[in-house]
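Heads up: the structure comes next, in C-alpha cells.
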Amino acid sequence: MQQQAIIDKTAAYVKSQLEGEGSGHDWWHIFRVWKSALYIASQERGADIFIVELAALLHDIGDHKFHNGDETVGPRLVREWLEKQLLEEELIAAVCAIVSGLSYKGASTSSAMPTLEGRIVQDADRLDAIGAIGIARTFAYGGHKGRELYNPAIEPVLHDNFESYKSNTAPTINHFYEKLLLLKDRMHTPTARALAEKRHQYMENFLSQFYAEWNATDHSGNS
Ligand code: NI
Numbered sequence: 067m068q069q070q071a072i073i074d075k076t077a078a079y080v081k082s083q084l085e086g087e088g089s090g091h092d093w094w095h096i097f098r099v100w101k102s103a104l105y106i107a108s109q110e111r112g113a114d115i116f117i118v119e120l121a122a123l124l125h126d127i128g129d130h131k132f133h134n135g136d137e138t139v140g141p142r143l144v145r146e147w148l149e150k151q152l153l154e155e156e157l158i159a160a161v162c163a164i165v166s167g168l169s170y171k172g173a174s175t176s177s178a179m180p181t182l183e184g185r186i187v188q189d190a191d192r193l194d195a196i197g198a199i200g201i202a203r204t205f206a207y208g209g210h211k212g213r214e215l216y217n218p219a220i221e222p223v224l225h226d227n228f229e230s231y232k233s234n235t236a237p238t239i240n241h242f243y244e245k246l247l248l249l250k251d252r253m254h255t256p257t258a259r260a261l262a263e264k265r266h267q268y269m270e271n272f273l274s275q276f277y278a279e280w281n282a283t284d285h286s287g288n289s
C-alpha cells in the first residue's frame with residue numbers, strides 16, 4: 067500500500083514537471099512508457115515491479131537533451147526525489163542506475179542493461195520512439211531543435227560515440243537511419259520485440275511514401 071502511495075506521488079510529481087512539454091518528452095510519453103513497461107513486466111515475469119514503475123516514471127525527468135547534454139542531471143534529480151520518499155539506498159541505486167543507463171547513445175554504441183528491470187524500461191521507452199507515435203515525436207523534436215525535415219544532400223551518419231550523436235544537427239529524416247530503424251533489433255525482451263515489428267513496418271511504409279511524394283512519383287497513379 068505504501069508503495070502505491072509513492073507511485074501515485076511520483077506520477078503526480080513527474081506530471082507537474084513535464085505536462086505540456088512540446089518536444090515529445092511530455093507527460094503522455096512518460097505515461098505510455100510507464101504502462102508499456104508494466105505490460106512487458108507482466109509478460110516477462112520476475113521483475114521487481116516497484117523498481118520498473120519508478121524508473122519508468124522518472125526516466126526523463128532530467129534528460130540530457132534538456133540540460134545542455136549533461137547526463138549527470140537525470141540521476142541526480144531522481145536520487146533527490148527518491149531520498150525524499152525515504153526509500154532504502156539499495157532501491158534508490160537500482161532506479162538511478164536504470165535512468166542513467168537508459169538513453170540512446172548512437173548507432174554503433176552498445177546498450178547493455180544489466181538488470182531485467184532496466185531492460186524492460188528501456189524496451190518500453192524505445193517502443194515509444196518507433197511507429198506512428200515515434201514518427202510524430204521525432205518530427206516534434208526536430209522542430210523543437212530547428213532542424214530541416216529532410217535534405218537529400220545530407221547523408222545519415224551511424225554515430226560510434228555519444229558525443230557526436232548528441233551534437234548532431236542533421237535533418238529529421240536522417241534520425242530514422244541513425245536510431246529509429248535500428249531499435250527493433252535492440253529490444254531486449256521477446257514481448258517488446260514482438261510489439262516492435264508492426265511499428266517498425268509502419269515506419270518503413272512511412273519512409274517509402276515520404277520519398278514517393280518527395281520525388282513526385284506519386285502522380286503516376288500507381289502508388
Ligand atoms: Ni523517454
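Numbering (the working numbering), first residue to last: 67 to 289.
C-beta: ideal position from N, C-alpha, C; glycine also.
All values derive from a computational prediction rather than experimental measurement.
Residues near residue i in its chain [Cβ-Cβ closer than 6 Å; skip 5 each side]
i: His-241; result: Thr-204
i: Glu-279; result: none
i: Ser-289; result: Residue placement at Ser-289 is flagged as unreliable, the pLDDT there being 48, under the threshold of 50; a coordinate-derived value is accordingly withheld.
i: Gln-188; result: Leu-168 and Met-179
i: Asp-92; result: Leu-84
i: Arg-192; result: Leu-249
i: Gly-208; result: Thr-238
Whole-angstrom C-beta distance between residue j and residue i, which should lie under 8 Å
i: Ala-206; j: Tyr-268; result: With 8 Å as the limit, Ala-206 and Tyr-268 do not qualify as a contact, their Cβ atoms being about 17 Å apart.
i: Met-99; j: Ala-71; result: In the sequence under discussion, the amino acid at residue 99 is Val, which differs from the Met named in the question. The Cβ separation is near 21 Å, so there is no contact.
i: Leu-84; j: Ile-96; result: 6 Å
i: Ile-117; j: Val-144; result: That belief does not hold up - the Cβ atoms of Ile-117 and Val-144 are roughly 12 Å apart, past 8 Å.
i: Ala-262; j: Lys-250; result: 4 Å
i: Thr-235; j: Arg-213; result: 7 Å
i: Tyr-88; j: His-225; result: Here residue 88 turns out to be Gly, not Tyr, going by the sequence shown. Between His-225 and Gly-88 the Cβ distance is about 25 Å, and since that is not below 8 Å, they are no contact.
i: Gly-140; j: Ser-102; result: In fact, because the Cβ distance is near 20 Å, the residues do not count as touching under 8 Å.
i: Phe-272; j: Ile-201; result: 6 Å
Same chain only: Cβ atoms within 7 Å of residue i, ignoring 5 sequence neighbours per side
i: Ile-106; result: Ile-186, Asp-189, Ala-190, Thr-255, Thr-257 and Ala-258
8 Å Cβ shell around residue i - same chain, five flanking residues per side excluded
i: Ala-113; result: Ala-107, Leu-182, Glu-183 and Ile-186
Stretch-stretch touch, CB-based, cutoff 8 Å, three pairs: the segment 210-226 with the segment 151-169: They do not touch, by the three-pair rule.
Any residue whose CB is nearer than 5 Å to a heavy atom belonging to the ligand NAD, listed in chain order: Absence of the ligand NAD from the depicted structure is noted, with the ligand NI being the only ligands included.
Unbroken stretches of the alpha helix (DSSP H), 4 residues or longer, contained in the segment 129-208: If we require 4 residues or more, the alpha helix (DSSP H) runs fully inside the segment 129-208 come out as 139-150, 155-167 and 182-193.
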